[in-house]
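Peer 1: According to the working numbering, the sequence shown is numbered sequentially starting from 674.
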Amino acid sequence: MPTDFGTLVQRDHVDLQKELSQLLDPVATAAQLSDSLDGVRLGLTAHAEAEDIVLGRFDAIAAVAPLVARARAAHLAQEGALAALVSARPGTSVWRDRAMHLRDLVRHHAEQEERELLPALRYYAPRELYAKLAGAFATERLRQLAMLQPSAPLSITDLMQAESRALL
Numbered sequence: 674m675p676t677d678f679g680t681l682v683q684r685d686h687v688d689l690q691k692e693l694s695q696l697l698d699p700v701a702t703a704a705q706l707s708d709s710l711d712g713v714r715l716g717l718t719a720h721a722e723a724e725d726i727v728l729g730r731f732d733a734i735a736a737v738a739p740l741v742a743r744a745r746a747a748h749l750a751q752e753g754a755l756a757a758l759v760s761a762r763p764g765t766s767v768w769r770d771r772a773m774h775l776r777d778l779v780r781h782h783a784e785q786e787e788r789e790l791l792p793a794l795r796y797y798a799p800r801e802l803y804a805k806l807a808g809a810f811a812t813e814r815l816r817q818l819a820m821l822q823p824s825a826p827l828s829i830t831d832l833m834q835a836e837s838r839a840l841l
């Protein structure tokens, strides 16, 4: 049986939550923070872009369109929170506050999407269109990842300071 779109979306949500939790680990090294931030940045961007693109084909379904619009709005809020996080100094209280805010946004979005949007898509979308959704999402997500560059913009100074805090 082919993978369901909902399964792929839920997997992305779980992976993002895991990476966001690692950003809040008080003993994380600078390298771990950098890797986790890269994971969040790449994962969130690829997920949001792919989802926004493939769900566009459902804008004409009245019962689904407002839920798709809500998901798009949530992605924009998450992207703004991510931009704020990237501009903060790793390991500081501002960093932690922004990471917690982004984690909360992602968690709320995931809960709402899994509770409302995914069931609505399964119910209202034409079967043949829904059947192709997982493949379209996976393909678009890979395409988005291929266009992104790794290495979040942490400076060497930030990395050294975060590393020294982790050693204390």
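C-beta: ideal position from N, C-alpha, C; glycine also.
Between Val-713 and Leu-749, is the Cβ-Cβ spacing less than 8 Å?
Peer 2: No, these two residues do not count as a Cβ contact at 8 Å.
Peer 1: Could you pull the start and end residues of the alpha helix (DSSP H) that Asp-711 belongs to?
Peer 2: Run containing Asp-711: 703–728, per the alpha helix (DSSP H) assignment.
Peer 1: Reducing DSSP to helix, strand and coil, say where Asp-677 ends up.
Peer 2: It is coil, neither helix nor strand.
Peer 1: Could you compute how far the alpha carbon of Glu-722 sits from the alpha carbon of Gly-753?
Peer 2: Distance between the alpha carbons of Glu-722 and Gly-753 is about 14 Å.
Peer 1: Going by DSSP in three states, Pro-799 sits in which element: helix, strand or coil?
Peer 2: Of the three classes helix, strand and coil, the one that applies to Pro-799 here is coil, per DSSP.
Peer 1: For Val-779, which option in Ala-804, Arg-745, Pro-799 and Tyr-797 has the closest C-alpha, if you only look at C-alpha atoms?
Peer 2: Of Ala-804, Arg-745, Pro-799 and Tyr-797, the residue nearest in Cα terms is Arg-745.
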